[in-house]
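Trainee:
There are 2 protein chains.
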Amino acid sequence: MPDVELNFERSEYADRIARTRVAMDKAGYDLLFLADPSNMSWLTGYDGWSFYVHQGVLLAMDGDPVWWGRGMDANGALRTVFMDAADIIGYPDHYVQSTERHPMDHLCDVIKQRGWDKHTIAVEMDNYYFTAAAFASLQTNLPNATFKDAGGIVNWQRIVKSPQEIEYIRRAARIVEAMHAKVFERVEPGMKKNELVADILHTAAFGADGHGGDYCAFVPMLPSGVDATAPHLTWDERPFNNNEITFFELGGCHRRYHCPMSRTISLGTPKQTHLDAEKAMVESLNAGLEAANAGNTCHDVAVAFFDTLNSFGFEKDSRTGYSIGLSYPPDWGERTLSLRKGDMTVLEPGMCIHFIPSLWLDDAGLEISETILITDKGAEPFCNYPRKLLVKD
Amino acid sequence: MPDVELNFERSEYADRIARTRVAMDKAGYDLLFLADPSNMSWLTGYDGWSFYVHQGVLLAMDGDPVWWGRGMDANGALRTVFMDAADIIGYPDHYVQSTERHPMDHLCDVIKQRGWDKHTIAVEMDNYYFTAAAFASLQTNLPNATFKDAGGIVNWQRIVKSPQEIEYIRRAARIVEAMHAKVFERVEPGMKKNELVADILHTAAFGADGHGGDYCAFVPMLPSGVDATAPHLTWDERPFNNNEITFFELGGCHRRYHCPMSRTISLGTPKQTHLDAEKAMVESLNAGLEAANAGNTCHDVAVAFFDTLNSFGFEKDSRTGYSIGLSYPPDWGERTLSLRKGDMTVLEPGMCIHFIPSLWLDDAGLEISETILITDKGAEPFCNYPRKLLVKD
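Which chain is which? The protein sequence lines are A and B, in order. So the first sequence is numbered by my numbering: it starts at 192 and just counts up by one. So the second sequence is numbered by my numbering: it starts at 192 and just counts up by one.
1. Along chain A, in chain order, which residues have C-beta atoms closer than 8 Å to that of B/N318?
2. Contact check, A/A226 vs A/F321 under 8 Å by CB: the rounded distance?
3. Have a look at the DSSP bridge pairing and note the partners of A/K383.
4. What residue range is occupied by the uninterrupted alpha helix (DSSP H) comprising B/E203?
5. Of all the beta strand (DSSP E) runs that stay within the bounds of the segment 552-581 of chain B, which reach a length of 3 or more residues?
6. Within its chain, find whatever has a CB closer than 6 Å to the CB of B/R362; leave out the 5 residues flanking it on each side and keep chain order.
7. Checking contacts by CB at 7 Å: is A/N266 closer than that to chain B?
8. Quick one, which residues of the segment 536-569 of chain A are near chain B if we go by CB-CB under 8 Å, in chain order?
9. Confirm, please, whether the CB-CB distance from B/S328 to B/H603 is below 7 Å.
10. Do the CB positions of B/D278 and B/G262 come within less than 7 Å of each other?
11. Pick from A/D264, A/G342, A/W523, A/I280: whose alpha carbon is nearest that of B/E291?
12. According to a CB-to-CB cut-off of less than 7 Å, which residues of the segment 375-389 of chain B neighbour chain A?
13. When Cβ atoms are compared, which residues of the segment 393-404 of chain A fall closer than 7 Å to chain B?
14. Taking just the CA atoms, how far does A/G254 sit from A/A205?
15. Counting only beta-carbon separations shorter than 7 Å, does A/L424 have a partner in chain B?
16. Taking a cut of 9 Å between CB atoms, which residues from the segment 268-284 of chain B lie near chain A?
17. Are the Cβ atoms of B/R377 and B/L392 separated by less than 7 Å?
18. How long is the line joining the alpha carbons of B/Q246 and A/A251, rounded to whole angstroms?
19. Taking 7 Å as the cut-off, decide whether the C-beta atoms of A/A399 and A/R429 are in contact.
20. With three or more beta-carbon pairs closer than 8 Å as the criterion, would you say the segment 403-421 of chain B touches the segment 556-571 of chain A?
21. At the level of alpha carbons, what is the spacing between B/C450 and B/R526?
22. Using DSSP's beta-bridge definition, name the partner residues of B/E440.
23. Give every residue of the same chain whose Cβ lies closer than 7 Å to the Cβ of B/N487, excluding the five residues on either side of it in the sequence, and list them in chain order.
24. Take every Cβ of the segment 232-242 of chain B, pair it with every Cβ of the segment 471-482 of chain A, and state whether three or more of those distances are shorter than 8 Å.
25. Which residues, in chain order, does the segment 214-245 of chain A contribute to contact with chain B at a C-beta distance below 8 Å?
26. Around the C-beta of A/S502, are 16 or more other C-beta atoms found within 10 angstroms, so that it is buried, or is it exposed?
27. Answer with buried or exposed for A/T337, where buried requires no fewer than 16 other C-beta atoms within 10 angstroms of its C-beta.
28. According to DSSP, is A/G590 part of a helix, a strand, or is it coil?
29. Does any C-beta atom of chain A lie closer than 7 Å to the C-beta of B/D522?
30. Going along chain B in order, which residues have a C-beta closer than 7 Å to the C-beta of A/Y406?
31. Could you give the residue range of the beta strand (DSSP E) that holds A/L250?
32. Listing by chain order, which chain A residues have their CB less than 7 Å from the CB of B/E428?
33. Would DSSP call A/N484 helix, strand or coil?
34. Just reading off the alpha helix (DSSP H) that A/D534 is part of, what are its end residues?
35. Closer than 7 Å, Cβ to any Cβ of chain B: which residues of the segment 505-531 of chain A, in chain order?
36. Do you know how far the Cα of B/A493 is from the Cα of B/K532?
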C-alpha cells in the first residue's frame, strides 16, 4: 500500500465506497464516472487544484476506484489517494486544451481496456467539470455503453458526516469565528474593502486554535449598502462608509471541510428599518433552529422559518439553507438538501447545514447565518458568535 | 443608460461585441450562448461569484447582449453590466438545484420570446459551467434550432489586449512582485505553509503601488521537495525544511486581470542537480523570450525553448506557456494559444502570455516563469524580479 498521509482512515474510504455501491446497485449502474472534485476527493482522498483540466474517478462494482487525469497530476494523485499506482492513470499533455483530441477520448480507452465499455455508465450530467463536450466524447467512443444521469448519487452519500468529518468542520468553525472577530476589530469608515479582505484572508489561512486554514470554495463576500442587494458581489477598492451596513458572508475551511457563517455590521447607528429586518431575521432563524430536529423535514424547517418571517411582514423568495461539508470551488454547498418548502428530506443526526437567512431590502442587504449539526437533541450551531446585527460606532 | 461604474469605456465593449459578431458571421452563427464567466464579463462587464449556478450571456447579431441568470444575481448584473434592465433577465429561485426543473428550460423560454429559437446557436461545448445537462435542456426545448460548438470563439477575440487591459495587468504585476518579495522575506525552516500562505493572500488582496488586489483564479501553489513533483498541490500545515526547494506559483490579480509569476526558493545551499536544472531552465526561458517576437509563431518559441532545454539534457513533456488576462476560477489561462510545438498561432503585439518553464525532477520541482507582453520590439516581461533560483540561507 502506498505511504500516503490520508485525512481519514482507510476503513472510512472503504465504507464510503461500499455505501456508494449500494446506491449504484439500487439505481442499476455498473460504473460511475465522477468529475466533481468533491466527490473524487471523498471517495479517494484526491486533493489538488487540477479541476481546470478534465479528470475524474471511475468506480465499478468491484476493485478500487480508478483515478484518471492529466499526466502531471497523476503525481499529485500518487501523493494524495489511497489506491495503488496501478489505479492512477494519467493522459499525455497533448490532450490538454487541444482542438484535435479530447481528453475524454483517452478515458474511453481506459474504460475499454478494463472491459467496462458495455456497462451502464452513470455520469454527473449537471456537474461543473462535466462539460457537454465530455459527454459527447463518451457517447461517440463508447457506442455499446448505456448512459444514465448519476445526479448527485455520491453527494447524497456524503450528507451524513462521520465523526472525523465533524471534527474538521469544528476546526473550520474556530477559523470562521476568528475571521469575523478580525473583521469587527478592523473595519471602520474609510478603510478600503480590499484591505479588510487582506486581513480576512490572512486569518482564513493562518487558522485558529492550532489548526491551519485551507482555501475556501467561495471567496469573501462583503457588499455594503445598496450593493448588498446583490448577494454575490465580492469586493473592490472602495471604502467603507459611516452609517452603512455591510454583510460578511465568510467561510472557514480546514482540510477542504467548510464552516460558513454570515454576519452583518452597521458602521454607526443602524436605521430602524435595518433593526426591524434584524429582529425578523433572528427570530425566524431561531424558529427554524427549533424545528431542525432529527425526524423533521427540510420543509418543516422552512415552514417554521418562512412563517415567522412573514409574520414580521417580510418576504424572501429564495431557499434559506443547504447542506455543506467537503467542497471545492465554485460552491461550498453540497447540492443535496435545501431548506425550502417542498424539500421533504428527513433530517438525520450528522447532517450539516448552512442555515442562511438573508434579506435584500431596497437600500441594503442583511445576512445572519449559522452552520448547524443535526443531533438527536436538536440543532447544534458549530459557531459561538453573537447572533445579531453588530454595531460599531 | 444605467449609472454603472464600468472597468472599460462603453466604446471598448462595443468594439468587443463588433469583433465577436464578425467571427460569428464568418462561422455562420446567429446566436451565441456564453456560460464562461470570463467571456460574460469581457462582453458585458458582469462581475460576481455566481457561476456556481447556471447563467450566461446571449449575443445575437444585433441589439445589446442579454444577461441571464439567477434572480438574486440579476441585481448584481444591474450593478456591473452596461446594458439596460430590459436585457437583464433573472430566473426564479425554484429552478436552483432542483430535481424537477432545469434553469436552462427557463433560458429556452427567453430564446423563444426573442424569436431566436430557429437560429443557429453556438454554445461553448467544452467550457466548465456548460454542463452536459445544460446542453440536453437546449436540445430538448429548442427542437428547431441548430446547435454548433462555439469552441473558444470569444476567448480568441480576447487574445490581443487593449491598452486599458494591459494597464490592469501591469498593476497585477506590481502585486505579484510584492507577493514574491513577501515570500522571500518571511519563508524560513519551521514555518508552516499555511502561515506563509496567510502572508501571501494578505499581500494579494492588499495590493501594491496604490492598487488593490482582486481574487486570483488560482490559489497559491507552493509544493516543496518531492511534493513539488506534483504541480497542482496547494498547501498544508507542514513546515518548510532546511535544504529543500519550494516553487511558488503565484498570481497577482487586479479587476479580474492576472499577472502570474513563479519563482523557486532554496532554503539552504541548493544541490548541484538543482543548480543544473535552474541553469537549463533560465537559459531555455531566455531563448524562448528571444524568439517571442511579433510575427513568429508559438511553435517557434517552443522550438527555441525546448531545443535549448534538450541541449542541457533535460526533457519536458508538457506545454510551456499559455495566454492570460481576464479570468475567473478555476483557471487563469485564457485557453487559446499554447507555447508548444505545432501551435502555429502567430504572435501579435498586445498578446499576453504566461511563459512557464517547469521541471519535475525525481526529488524536486522547479518553476521560474515570466508573464510577457508581445510588442513590436519583442517580448516585454511585466515583472521585474530576479530570474533565478533564489537562495535563502
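Backbone N, C-alpha and C define an ideal beta-carbon position, used for all residues, glycine too.
Mentor: With the given structure in hand:
1. T322
2. 4 Å
3. A/P430
4. 201-218
5. 556-558, 561-566, 569-572
6. H402, H445
7. yes
8. W551
9. Residue 603 of chain B is absent from the structure shown; chain B starts at 192 and stops at 584.
10. no
11. A/G342
12. K383, N385, E386, V388, A389
13. H393, A396, F397, G398, G403, G404
14. 11 Å
15. yes
16. A268, L269, R270, T271, P283, D284
17. no
18. 33 Å
19. no
20. no
21. 15 Å
22. B/M412, B/S453
23. L538
24. no
25. D238, G239, W240, S241, F242, Y243
26. exposed
27. exposed
28. The structure shown does not extend to residue 590 of chain A, since chain A is modelled only from 192 through 584, so no value can be given for it.
29. yes
30. V410, T425
31. 247-251
32. G403
33. coil
34. Segment: none, A/D534 is in no alpha helix (DSSP H) and carries neither H nor E.
35. D508, S509, R510, P520, P521, D522, R526, S529
36. 6 Å
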